[in-house]
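Below is one structure; the comments refer to it alone.
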Amino acid sequence: MTPNSSDSFAASTFVLGGTTLIDRYEAPDFTPATGQTTTGKAARYSFAFAANTANALDKGYYTIRVRTQTADSRIIDNTVYVRFVSSIADAGAVITVTGTGILRTGETLTYQTNKYYQATLADPNGGRIQEGIDVDGLTTESVTAVSLAPAMTARLVTSADVLIDGTAFAVADSGVAAVDHVAPTTESPSTAAAGETAANAARRNIANGVYGITTSAALTQTLTDLATNKLQVRLTGSSAQGTFAVTTAPANSSSLTAASTKLTVAGVAAADTVYTSTTASTTATKAYSLPLSAKSVTLSIDTTQASQNLTTTTTWSGN
């Protein structure tokens, strides 16, 4: 967007290029200090860079120096590198795929706390990559933050890069909860208005370069028992891609109700070194006592059903 004479930072709005960008006060991390407060407005400056001629394209990096003088006369000096390319293939994109959880036939993939996959898109300097817009066409073109996020695709392949055909994956940087982030369930700070923290989390994740990888339906891919395959993400219109090893499993045919555990360490009770059954539930606990001489311990878990997701939490007490 190109700044013009109508730009302003009024008491309740921030206008850039004649367009209102925000109508609420927020701190630098997009979290209101005490709800709808005005204390956050002075902590953030927003500005844009635009190429007003085709001659600026494909000319390498432009160096922008930003110097800020604080109230106590300290100088904060930052350097920003910006370049404009005519093709996204020349953006030098780097894609980093991360995540956790087992991908299982018959289950729908959403973005959850303990099961999610995401792809981070950045330029060689770690900066953000955005689609360009035609400023002259703004009167007829609908531009949103989401529309500036470059398109990416994802697919599941074997360790030999052979496609595992089935349900399509969606790759989105939309700022929608369960798509590219997990919505907070409590207000922070506690004085924030109802739903304000979740709304700010959504804004913070819109077109921020971190894409969630999800499916709109259950996976139909034929997956084998605890196999190691790869999630492959590609930038549309470019050769850039990123891969991440994922554990896959077939459909879950039955529920796990019990598991057996044992310890491997010197000095514990003999009964703790052989498998004993424990209820498999979100509230089940199993207590063990360790000697002070123990520096490490191995906990083994055995089940009669394959391809089960197990989550354990260790809590220490005593000396």
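When we follow our numbering, the leftmost residue of the sequence shown carries the number 6, and every step to the right adds one. No residue lacks a Cβ here, since even glycine has one placed at the ideal position from N, Cα and C.
query                                                                                                       : result
Range of the contiguous beta strand (DSSP E) that encloses alanine 254                                      : 246-254
Sub-9 Å separation of isoleucine 218 and alanine 159 beta-carbons                                           : yes
Any 3 or more C-beta pairs closer than 8 Å across the segment 292-306 and the segment 263-270               : yes
Residue environment, glutamine 74, which counts as buried when at least 16 other CB atoms sit within 10 Å   : exposed
Assigned exposure category for threonine 317 - 16 Cβ within 10 Å defines buried                             : exposed
Short Cβ contact (9 Å threshold) for glycine 247 with isoleucine 100                                        : yes
Threonine 220 burial status per 10 Å Cβ neighbour count (16 or more: buried)                                : buried
For asparagine 234, the three-state DSSP class (helix, strand or coil)                                      : strand
Alpha helix (DSSP H) segment containing valine 202, residue limits                                          : A small correction: the amino acid at residue 202 is threonine; valine does not occupy that position in the sequence shown. Taken as a continuous stretch (DSSP letters only), the alpha helix (DSSP H) holding threonine 202 covers 201-210.
Straight-line Cα distance separating isoleucine 93 from isoleucine 138                                      : 13 Å
Selection from Leu240, Val90, Ile80 that minimises the alpha carbon distance to asparagine 60               : Val90
Asparagine 60 - DSSP class collapsed to helix/strand/coil                                                   : helix
Neighbourhood of alanine 183 by C-beta, 6 Å cutoff - its chain only, sequence neighbours within 5 removed   : Thr115, Tyr116
Which residues DSSP lists as bridging threonine 105, in chain order                                         : Tyr121
Continuous beta strand (DSSP E) stretch holding lysine 267: start and end                                   : 263-269
3 or more residues per run - each beta strand (DSSP E) lying fully within the segment 132-177               : 157-162, 175-177
Alanine 150 versus alanine 188 - alpha carbon distance                                                      : 19 Å
Start-end ranges of the beta strand (DSSP E) lying completely within the segment 68-117, minimum 3 residues : 80-87, 99-105
Beta-carbon spacing of alanine 232, alanine 254 below 9 Å                                                   : yes
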